[in-house]
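Residue numbers (my numbering): 1 to 212. Every residue, glycine too, gets a C-beta built ideally from N, C-alpha and C. Comments concern the structure below.
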């Protein structure tokens with residue numbers, strides 16, 4: 001039941017927002033498991049119209065139909081399954097290894113978010129941006145995905161420059177991180193794919209469990 005609680009918390013929905021409770025897998029046939037589920041959802045009746053042993057196959061068939069462009073006369077139009085970001089994504093700020101989150105964990109993709117930053121020193125002419133994924137407030141613990149430098153910043157007092165950092169993730173999980181100095185229009189960017197040194201599934205689960 002702890003896993004269910006975490007799932008609802010991450011999805012930002014309450015128990016009352018759950019329409020149906022579908023039993024999936026042979027272990028859900030156990031009366032004790034069914035009782036615990038019903039109690040967790042405050043007595044809500046469980047959906048028993050689908051065979052628990054076949055539920056995953058039904059879902060896979062629906063997803064296959066959607067991916068192949070078939071909508072079953074429009075009935076599957078609103079049933080698109082979307083991936084989410086398994087860990088928070090952000091950049092390192094200041095010089096004390098603090099991470100500023102741009103895209104929180106479990107954000108549905110595709111997605112695009114922009115956050116504004118500035119300089120920390122007078123007459124600072126460039127800024128190093130390090131892109132991380134992870135759930136710790138410190139980048140010492142999180143995983144470095146890539147880094148790049150924005151140059152050509154005017155020599156002005158600290159905190160004056162306005163620098164937009166945009167994280168843009170497409171449906172395939174490819175992430176483009178771009179930076180623009182609003183006063184000069186100077187830009188730079190980096191592209192990060194799912195295969196460019198990202199954490200393995202086991203490492204992601206370990207990090208989530210550690211900081212939940």
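Would you tell me roughly how many angstroms separate the C-alpha atoms of residue i and residue j, rounded to the nearest one?
i	j	result
residue 42	residue 34	12 Å
residue 93	residue 146	14 Å
residue 191	residue 50	43 Å
residue 109	residue 126	31 Å
residue 181	residue 113	16 Å
residue 20	residue 44	9 Å
residue 5	residue 185	45 Å
residue 57	residue 177	37 Å
residue 10	residue 89	15 Å
residue 1	residue 7	10 Å
residue 48	residue 64	24 Å
residue 135	residue 97	13 Å
residue 27	residue 54	13 Å
residue 130	residue 95	11 Å
residue 161	residue 155	9 Å
residue 40	residue 189	46 Å
residue 175	residue 66	24 Å
residue 179	residue 106	23 Å
residue 215	residue 14	Lying before the first or after the last residue shown, residue 215 is absent from the chain, which here runs from 1 to 212.
residue 103	residue 46	34 Å
residue 169	residue 83	11 Å
residue 16	residue 61	28 Å
residue 91	residue 121	18 Å
residue 193	residue 86	14 Å
residue 22	residue 3	16 Å
residue 138	residue 157	27 Å
residue 59	residue 37	21 Å
residue 173	residue 166	15 Å
residue 187	residue 151	8 Å
Starting from residue i and walking both ways along the alpha helix (DSSP H), at which residues does that stretch end?
i	result
residue 65	55–67
residue 33	31–40
Check the DSSP bridge columns for residue i and list the partner residues they point to.
i	result
residue 7	According to DSSP, residue 7 bridges with nothing at all.
residue 178	166 and 189
residue 95	Looking at the DSSP assignment, residue 95 forms no beta bridge with any residue, so it has no partner.
residue 147	130
residue 89	103 and 133
residue 159	None; residue 159 has no bridge partner.
My assumption, with CB atoms under 8 Å, is that residue i sits in contact with residue j. Please give the rounded CB distance.
i	j	result
residue 132	residue 143	6 Å
residue 163	residue 116	7 Å
residue 119	residue 159	7 Å
In the DSSP assignment, find the beta strand (DSSP E) that holds residue i and state where it starts and stops.
i	result
residue 213	This structure does not reach residue 213, given that the chain is present from 1 up to 212, and the question cannot be answered.
residue 278	The requested residue 278 does not occur in the structure, where the chain is confined to residues 1 to 212.
residue 113	111–117
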